[in-house]
Amino acid sequence: MERVRMAMFSVLGAERLEGAKVLDLYAGTGAIGIEALSRGAEQADFVEADRRRAASIEESLRDLAPEATGRVYWMKTERALSSLEGPYDIVFADPPFGMEDWDGLMERVSESAVVADGGTLVIERPKRLELGERYGGLVRQQDRDYGDASLSIYTESGRG
0 MERVRMAMFS VLGAERLEGA KVLDLYAGTG AIGIEALSRG AEQADFVEAD RRRAASIEES
60 LRDLAPEATG RVYWMKTERA LSSLEGPYDI VFADPPFGME DWDGLMERVS ESAVVADGGT
120 LVIERPKRLE LGERYGGLVR QQDRDYGDAS LSIYTESGRG
């Protein structure tokens with residue numbers, strides 16, 4: 000997991016993170032969003048359905064990045080996508096690998112407009128799972144494999 004996270008930031012590059020507004024969907028411990036803040040992101044918002052994990056992220060933000068701008072949303076991703084105040088320059092999504100409706104998630108992200116025009120969606124997925132080349136304005140740029148996990152990187156090309 001650590002290896003995939005480091006690879007994710009390497010692929011994005013420092014210049015893309017500098018001053019960015021990022022969203023960490025399925026935040027878990029919040030490690031991805033907190034790492035983004037430590038690498039120069041201006042704001043990180045977190046979506047986590049588990050109340051204890053959401054509280055833990057809030058505590059980590061206070062302790063590790065007290066000057067950081069961002070919010071923790073204690074809710075399911077599906078609900079958050081319809082209520083978040085985006086758009087975000089970079090959206091990270093690390094859904095549970097056992098999730099069944101990956102295409103549905105991708106369509107909801109595209110329809111929600113949380114990814115800014117020209118922005119990036121980075122989704123971690125099981126290597127065996129193939130995602131589409133395009134979901135609305137989200138166009139896949141590349142895939143990278145790391146053991147049993149893969150990263151798919153999409154760019155929002157506009158909603159036309």
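Take the sequence shown: its letter number 132 is residue 131 in numbering that gives the first Met the number 0, and every next letter is one higher.
The beta-carbon is built from N, C-alpha and C at its ideal position, and this holds for glycine as well.
Buried versus exposed call for residue 5 [16 or more other C-beta atoms within 10 Å across all chains shown]: So residue 5 ends up on the exposed side.
Whole-angstrom distance between residue 128 and residue 147, CA atom to CA atom: Put simply, the backbone Cα of residue 147 is about 10 Å away from that of residue 128.
Residue 36 to residue 90 span [Cα, whole Å]: Roughly 13 Å between the two C-alpha positions.
Spatial neighbours of residue 141 in its chain, beta-carbon cut-off 7 Å, leaving aside the 5 residues before and after: These residues qualify, in order along the chain: 152.
N- and C-terminal bounds of the alpha helix (DSSP H) containing residue 8: Annotation for residue 8: the continuous alpha helix (DSSP H) segment containing it runs 1-11.
Close Cβ partners of residue 125 (< 8 Å) along its chain, the five nearest in sequence each way excluded: Once the five neighbours on either side are set aside, the close Cβ partners of residue 125 are 96, 147, 148 and 149.
Bounding residues of the alpha helix (DSSP H) (the contiguous stretch that carries residue 63): Per DSSP, residue 63 is one residue of the alpha helix (DSSP H) stretching across 50-63.
Sub-7 Å separation of residue 121 and residue 85 beta-carbons: In this structure, residue 85 does not lie closer than 7 Å to residue 121 by Cβ.
Nearest-angstrom Cβ-Cβ length linking residue 18 and residue 41, presumed shorter than 8 Å: At roughly 5 Å, the Cβ-Cβ gap stays under 8 Å, so residue 18 and residue 41 are in contact.
According to DSSP, residues forming a beta bridge with residue 124: According to DSSP, which records beta bridges pairwise, residue 124 is partnered with 149.
Residue 63 vs residue 38 beta-carbon contact at 7 Å: In this structure, residue 38 does not lie closer than 7 Å to residue 63 by Cβ.
For residue 108, the first and last residue of its enclosing alpha helix (DSSP H): Residue range 101-111 is occupied by the alpha helix (DSSP H) that includes residue 108.
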